[in-house]
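Shown next, in structure tokens, is the structure this report addresses.
In this note's numbering, the protein residues as written are 113 to 448.
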């Protein structure tokens with residue numbers, strides 16, 4: 113008697129190796145976050161905690177910890193700096209939700225909906241201040257320069273995105289510049305500072321910066337693809353947010369460039385805010401599917417993920433390098 117052997121499906125890439133690699137360090141980072149988000153003003157920890165405890169992946173501080181593991185750093189300076197990275201990220205999310213008028217963040221009501229716009233902006237400012245306190249306590253002017261520069265670049269990226277909003281002629285080059293600033297800059301800085309505290313060579317520092325920067329671009333490309341590729345329950349936000357806000361993300365840029373005259377007329381009307389109904393969103397998703405724009409966006413993401421993996425190939429093979437490589441693969445494969 114014999115039976116056919118059916119191979120088990122291959123498990124896709126996950127963040128599990130990265131989570132395992134950084135678990136001990138993240139306990140210390142989380143302790144710093146909880147301590148430094150406290151204030152005598154009760155609204156501050158309430159509002160900050162609403163987002164900080166909201167189930168985010170905390171990928172950015174994990175990059176700092178993973179980078180430290182990769183280069184063999186044995187100290188603890190990076191714990192406070194990873195917390196500073198998370199505070200910068202959280203502050204930008206709070207500000208983004210106010211600018212975008214978002215109603216959901218990570219599957220629950222956004223802070224601005226619960227606490228109002230003024231409080232949300234001010235608590236974002238508080239978290240930025242806490243981040244800079246942590247940087248100055250570290251005492252490294254190099255670290256301070258990297259993270260403060262990243263903060264400025266992120267703000268510039270957000271202003272650039274605001275300027276490009278509802279601008280149908282936004283090019284792919286402009287789009288990549290925007291996401292390189294608003295998303296990839298902090299990924300790059302979070303990775304690079306691990307090499308700085310470990311006093312690595314310039315080549316190793318550049319490699320970690322390149323890893324983070326390319327990973328950040330890949331991550332944002334997939335985020336933008338998901339807005340036209342998944343349901344709201346999976347994403348934890350309203351599907352079509354980018355569409356209704358008139359954001360020129362890559363799936364739209366590609367679909368518009370490849371569309372005929374009628375399709376382009378639809379996109380022009382939609383991006384300036386004249387076509388925002390659920391039926392319009394469904395039509396937009398159909399056009400994007402017709403022109404393979406989501407898959408091509410993911411293909412570009414794969415390109416940047418490969419560049420991230422290549423960047424750390426200068427380091428010896430290790431659990432840290434494997435975990436960081438799989439994190440890049442996961443960033444592209446994820447559905448939310």
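Quick reminder that beta carbons are idealized off the backbone N, C-alpha and C, glycines included.
Which listed residue (436, 413, 377) has its alpha carbon closest to that of residue 444: When 436, 413, 377 are compared, the shortest CA-CA separation from residue 444 is found for 413.
Where residue 222 falls: helix, strand or coil (DSSP): Note: residue 222 maps to coil in three-state DSSP.
Run of the alpha helix (DSSP H) containing residue 436, from where it starts to where it stops: Its alpha helix (DSSP H) spans residues 431 to 445.
Spatial neighbours of residue 417 in its chain, beta-carbon cut-off 8 Å, leaving aside the 5 residues before and after: 326, 327, 330, 440, 441, 443, 444, listed in sequence order.
Same chain, Cβ closer than 7 Å to residue 150, five either side skipped, listed in chain order: Here the set comprises 157.
Member of 299, 355, 386, 323 whose CA lies at the smallest distance from the CA of residue 200: The residue among 299, 355, 386, 323 with its C-alpha nearest the C-alpha of residue 200 is 299.
Residue interval of the alpha helix (DSSP H) (run including residue 289): Looking at the DSSP string, the run of the alpha helix (DSSP H) that includes residue 289 is 284 to 291.
Alpha carbon of residue 193 to alpha carbon of residue 386, nearest angstrom: Approximately 45 Å between the Cα atoms of the pair.
Sequence-distant residues of its chain with Cβ nearer than 8 Å to residue 317 (five each side left out): Excluding residues up to 5 positions away in sequence, 304, 307, 308 lie with their Cβ nearer than 8 Å to the Cβ of residue 317 in the same chain.
Proximity winner among 144, 178, 142, relative to residue 128 (alpha-carbon distances): Cα-wise, what sits closest to residue 128 is 178.
8 Å CB neighbourhood of residue 246 in its chain, flanking five on each side removed: Around residue 246: 144, 148, 192, 193, 195, 196, 199.
Straight-line Cα distance separating residue 375 from residue 240: About 43 Å.
Beta-ladder partner(s) of residue 216, from DSSP: DSSP output for residue 216 lists 221 as bridge partner(s).
Contact belief for residue 436 with residue 138 at Cβ below 8 Å, rounded distance in angstroms: In fact, because the Cβ distance is near 15 Å, the residues do not count as touching under 8 Å.
Per-residue DSSP class, three states only, for residue 274: Secondary structure of residue 274 (DSSP, three-state): helix.
Residue 334 versus residue 446 - alpha carbon distance: So the alpha carbons of these two residues sit roughly 8 Å apart.
Bounding residues of the alpha helix (DSSP H) (the contiguous stretch that carries residue 316): Residue 316 -> alpha helix (DSSP H) spans 314 to 338.
Distance, residue 173 Cα to residue 310 Cα: Roughly 16 Å between the two C-alpha positions.
Limits of the alpha helix (DSSP H) - the one that residue 406 falls within: Boundaries of the alpha helix (DSSP H) harbouring residue 406: 405 to 423, taken from the DSSP string.
Short Cβ contact (8 Å threshold) for residue 202 with residue 164: Yes.
Outcome for residue 155 when other beta-carbon atoms lying within 10 angstroms are tallied against a minimum of 16: Only exposed fits residue 155, as fewer than 16 other CB atoms lie within 10 angstroms of its CB.
C-beta contact flag for residue 341 and residue 354 at 8 Å: No, Cβ-Cβ distance for residue 341 and residue 354 is not below 8 Å.
Residues of its chain near residue 256, where Cβ-Cβ distance is below 6 Å and the 5 sequence neighbours each way are ignored: Same-chain partners within the cutoff: 247.
Assigned secondary structure, residue 427 (DSSP; H/G/I helix, E/B strand, else coil): It is coil, neither helix nor strand.
Counted within 10 angstroms of its Cβ, other Cβ atoms place residue 398 as buried (16 or more) or exposed: Exposed, by the Cβ-count rule.
When 153, 297, 284 are compared against residue 264, the one with the closest alpha-carbon: Selection 153, 297, 284 evaluated against residue 264 yields 297 as nearest (Cα-Cα).
Cα-Cα separation, residue 366 to residue 187: Looking at the two C-alpha atoms, the distance is approximately 46 Å.
Alpha-carbon to alpha-carbon, residue 422 and residue 360: If I take the Cα positions, the gap works out to 29 Å.
Neighbour-count burial assignment, residue 276, 16 or more Cβ in a 10 Å radius: Per the 10 Å Cβ criterion, buried.
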